[in-house]
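The structure appears right after this line, and notes come after that.
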Amino acid sequence: MIAETGHYALILALGVAIVQMVLPIIGTRLNDPRLAAVSIPAAQLQFILVCVAFVALTVAYVTSDFSVLNVWQNSHSAKPMIYKISGVWGNHEGSMVLWVLILALFGAAVATFGSNLPRRLQANVLAVQGSIAVAFLLFIVMTSNPFLRIDPAPFDGQGLNPVLQDPALAFHPPFLYAGYVGFSMAFSFAVAALIDGRIDAAWARWVRPWTLAAWMFLTLGIAMGSWWAYYELGWGGFWFWDPVENASFMPWLAGTALLHSALVMEKRDALKVWTVLLAIITFSLSLMGAFLVRSGVLTSVHAFAVDPERGVFILGIMAVFIGGSFALFAWRAPTLSQGGLFAPISREGALVLNNLLLTVSCAAVFVGTLYPLALEAVSGEKISVGAPFFNLTFVPLMIPLLMAVPFGPLLAWKRGDLLAAAQRLTVAAVVSLAAMIAILATHQSGPWLAPLGIGLGLWLIVGAATELATRSKLTEVSLAESWRRLRNLPRAAYGTALAHAGLGVMVLGLVGTTAWRSERIEALVPGGTVNIAGYELTFQGVKERQGPNYKELAGLFSVTRAGQPVTTLIPSKRAYSVEKSATTEAGIYNSWRGDLYIVLGDPLKDGGYSVRVYFNPLVRLIWLGALLMFLGGGVSLSDRRLRVGAPKRAKPKTQSALSAGNSP
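All you need for the numbering used here is the position in the sequence shown, starting with 1, plus 8.
Encoded structure:
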């Protein structure tokens with residue numbers, strides 16, 4: 009009965025979403041506030057119904073109800089509880105229910121907490137959001153029903169893909185989807201504004217918190233996926249430029265540009281058309297990511313192996329929303345005013361440069377990701393575009409962007425003083441230059457670009473601190489007065505500085521681990537040793553161990569440094585009997601210098617084992633930097649100016665409640 013309840017709730021949610029899509033649009037066209045107001049309870053009810061469906065599917069997994077086809081295909085009674093729960097979204101059908109749940113959550117949030125929005129805009133936004141829900145609920149009901157039954161019910165299930173049975177992968181998809189789907193709010197705001205043909209600074213202020221929340225979740229989701237791939241897949245790397253990885257990275261790049269563009273629009277009433285276009289592009293890239301993962305066109309550890317016919321359905325969704333929104337933009341854009349003017353050397357100019365470099369970088373990733381697919385579709389020829397292409401196209405675009413980041417907050421709006429900003433950044437420049445000279449002196453054999461990368465990371469970190477010091481007038485006033493100013497800064501200032509510093513920390517980690525990584529591949533018998541980065545690892549042998557739903561062969565390695573014991577690492581190879589597959593579990597020792605990383609390979613004829621050992625300097629800074637960026641976004645989001653949106657305006661007496669847009 010639980011499965012039937014969930015299925016029925018999805019169908020009801022589809023009906024409510026249709027009402028949410030149609031009636032508010034009719035209400036705003038006919039200037040009928042009662043029809044327009046239907047959007048609010050409809051969005052809330054849709055969220056409740058999708059919640060019921062999601063809870064029903066979760067109950068089926070937790071209770072191991074193998075009469076449900078989806079549960080039988082992706083769960084097993086011997087699985088630990090955390091993986092029974094994460095199995096709900098560890099498959100195509102369940103992940104689509106999570107997708108729609110997050111979509112409905114954002115819509116319900118706008119309906120519940122968007123009382124400061126103009127009623128007309130709120131109704132149109134929720135109508136557009138409802139149309140997205142209609143598309144994906146139809147997709148679930150027609151092609152991806154997670155509540156199909158099996159009769160008779162099997163005794164046990166087939167289990168979950170072993171590589172997904174990991175704590176990081178239990179939380180990675182929800183955060184990633186919150187980012188993907190969260191950008192639908194920016195898209196809905198953009199389309200709603202285009203429908204009315206009216207976009208102003210207040211619109212940017214309303215859209216920015218939703219964009220920031222989506223950007224935060226996507227940042228954390230990508231970082232968690234990178235961390236999982238690092239320690240679970242056994243290849244010792246953190247990013248492979250896999251097409252599905254790129255599918256999440258492209259919306260992040262476009263979303264970052266959108267955040268900065270919306271700031272210019274809010275503060276200076278400029279870049280209106282560009283900001284709306286970015287909102288459409290960002291969510292379009294999210295839809296493209298859904299297509300790549302679920303269409304069957306890619307073979308990837310990150311992709312769902314699904315029927316390509318479902319990809320055709322998603323392709324239709326993309327055609328409707330991407331094609332429709334761009335057509336609407338082409339129709340309305342000529343009628344929209346461009347907004348205020350500003351000098352090239354200004355804070356607006358710095359943010360425009362930021363947008364230019366981010367969007368061109370996104371385009372480079374887009375070409376590298378889709379060109380092999382397009383070439384195969386046209387000519388049948390298969391090629392691979394890997395790290396060399398992206399390193400040669402993406403990295404050179406990032407260098408000027410990273411150099412420009414600290415200047416932006418130090419420039420005045422409309423017209424800035426570049427020389428004065430450069431003088432304020434003298435300390436950052438000195439620290440960066442000193443670090444570059446020190447690295448060149450200690451690593452005279454190269455790699456030659458590594459000192460520049462380390463210098464850029466420190467430039468960002470010290471530059472972020474300089475921003476706070478400048479705003480508190482450190483060295484210009486007394487320490488007490490400076491401290492008072494620092495305490496009274498808006499939270500958004502702290503959030504911006506923290507996010508920029510987090511980017512610098514990430515750059516340090518990226519440069520450190522790519523430039524000075526060490527690798528050894530050895531064949532070891534018990535008692536054999538291998539040396540790397542000052543560590544000596546001694547192979548003690550292997551032993552078999554029993555896990556909750558797997559057997560593993562674990563290798564024991566004692567680690568010493570300068571003759572002193574450091575730790576014992578236990579890499580292993582796990583065999584899952586139900587899923588009939590195996591995984592590699594790396595042994596990792598982390599220190600302030602970097603990670604000592606060891607992988608147990610295949611057995612050899614002489615009783616030994618092949619062993620791969622890596623030393624990845626500063627690699628943890630990559631994920632620490634991402635966490636700081638996420639926290640920086642959270643601090644900014646907690647700023648009351650972002651949470652309350654635009655101030656309410658008095659209702660014009662000559663207009664109706666709907667057209668005035670500010671009635672309670």
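Just so you know, even glycine gets a beta-carbon here, dropped at the ideal spot from N, CA and C. All figures in this text were calculated on a predicted structure; none of them were measured in a lab.
(request) Grab me the residues of Ala231's own chain with a C-beta within less than 6 angstroms of its C-beta, minus the 5 sequence neighbours each way, in chain order. (result) Trp631 and Ala634
(message) Looking at the secondary structure, which residues open and close the alpha helix (DSSP H) in which Gly465 lies?
(response) Ala458 to Arg479
(request) Quick one: grab the DSSP three-state call for Tyr558. (result) In this structure, Tyr558 counts as coil in the three-state DSSP scheme.
(request) Identify the continuous beta strand (DSSP E) that holds Phe623 and give its terminal residues. (result) Tyr617 to Pro625
(message) Between Val105 and Ala61, how many whole angstroms is the CB-CB distance? I'm expecting something under 8 angstroms.
(response) So it is a contact: roughly 6 angstroms between Cβ atoms.
(message) Going by DSSP, what residue range makes up the alpha helix (DSSP H) through Pro217?
(response) Ala209 to Glu240
(request) Measure the alpha-carbon distance for Ala428 versus Leu419 and round it to whole angstroms. (result) Rounded to whole angstroms, Ala428 to Leu419 spans 8 angstroms at the Cα level.
(message) Quick check on this structure: which residue in Val538, Ala442, Met514 and Gly95 has the alpha carbon closest to the alpha carbon of Phe638?
(response) Taking only the C-alpha atoms, the option nearest Phe638 is Met514.
(message) Using a 10 Å radius around the Cβ and a threshold of 16 neighbouring Cβ atoms, would you call Val118 buried or exposed?
(response) buried
(request) Report buried or exposed for Ala509, applying the criterion of at least 16 other Cβ atoms within 10 angstroms of its Cβ. (result) buried
(request) With DSSP as the reference, please indicate the residues paired to Ala590 in a beta bridge. (result) Ala583
(request) Over the uninterrupted alpha helix (DSSP H) stretch that includes Ser269, give me the two end residues. (result) Pro251 to Arg276
(message) I want to know whether the region 38-53 touches the region 167-177 - three or more CB-CB distances under 8 angstroms.
(response) no
(request) Classify Ile462 as buried or exposed, calling it buried when 16 or more other Cβ atoms lie within 10 Å of its own Cβ. (result) buried
(request) Output the residue ranges of the alpha helix (DSSP H) runs that lie fully inside the region 105-188 and measure 4 residues or longer, sorted by chain position. (result) 127-151
(request) Could you check the C-alpha separation between His310 and Met296 for me, to the nearest Å? (result) For His310, the predicted structure reports a pLDDT of 49, less than 50, and the residue's modelled location is therefore unreliable. A value from the coordinates is still provided. Going by the C-alpha atoms only, they are around 15 angstroms apart.
(request) State the start and end residues of the unbroken alpha helix (DSSP H) segment that holds Val438. (result) Thr434 to Thr450
(message) Strictly by DSSP, which residues pair up with Pro396?
(response) Beta-bridge pairing links Pro396 to no other residue.
(message) Run through the DSSP bridge pairs and tell me what Phe547 is partnered with.
(response) Phe565
(request) Identify the continuous beta strand (DSSP E) that holds Ser526 and give its terminal residues. (result) Ser526 to Leu532
(message) Here's the rule: buried if 16 or more other CB atoms are within 10 angstroms of the residue's CB, otherwise exposed. What is Ser333?
(response) buried
(request) Apply the 10 Å Cβ neighbour rule to Pro88 and answer buried if 16 or more other Cβ atoms are within range, or exposed otherwise. (result) exposed
(request) Leaving out five residues on either side along the sequence, give the residues of the same chain with a beta carbon under 6 angstroms from the beta carbon of Leu241. (result) none
(message) Tell me which residue opens and which closes the beta strand (DSSP E) that Thr575 is part of.
(response) Gln572 to Leu577
(request) Select from Pro170, Glu253 and Ser139 the residue whose C-alpha is nearest the C-alpha of Ser192. (result) Ser139
(message) If contact is defined by three or more beta carbon pairs under 8 angstroms, each pair taking one atom from either stretch, is the region 491-501 in contact with the region 604-621?
(response) No: fewer than three Cβ pairs fall under 8 angstroms.
(message) If I measure Cβ to Cβ from Ser392 and keep anything under 8 angstroms in the same chain, skipping five residues before and after, which residues do I get?
(response) Pro380, listed in sequence order.
(request) Indicate whether Asn132 and Ala200 have their beta-carbon atoms separated by less than 9 angstroms. (result) yes
(request) Sort out for me which residues DSSP pairs Glu552 with in a bridge. (result) Leu561
(message) On the CB-based measure, 16 or more other CB atoms within 10 Å of its CB, does Asn205 come out buried or exposed?
(response) One detail in the question is off: residue 205 reads as Gly in this sequence, not Asn. By the Cβ neighbour-count rule, Gly205 is exposed, with fewer than 16 other Cβ atoms within 10 Å of its own.
(request) Tell me, please, which residues DSSP counts as bridged to Ile606. (result) Beta bridge pairing from DSSP links Ile606 with Gly595 and Val621.
(request) Taking the CB atoms as reference points, tell me whether Pro162 and Phe74 lie closer together than 9 angstroms. (result) yes
(request) Have a look at the DSSP bridge pairing and note the partners of Thr537. (result) Thr546
(message) Is it buried or exposed, Ile289, if we count other Cβ atoms within 10 angstroms and call 16 or more buried?
(response) buried
(message) What would DSSP say about Val519, mapped onto helix, strand or coil?
(response) helix
(request) On a CA-only basis, which of Ala221, Glu253, Leu323 and Phe114 is nearest Asp647? Give me that one, please. (result) Ala221
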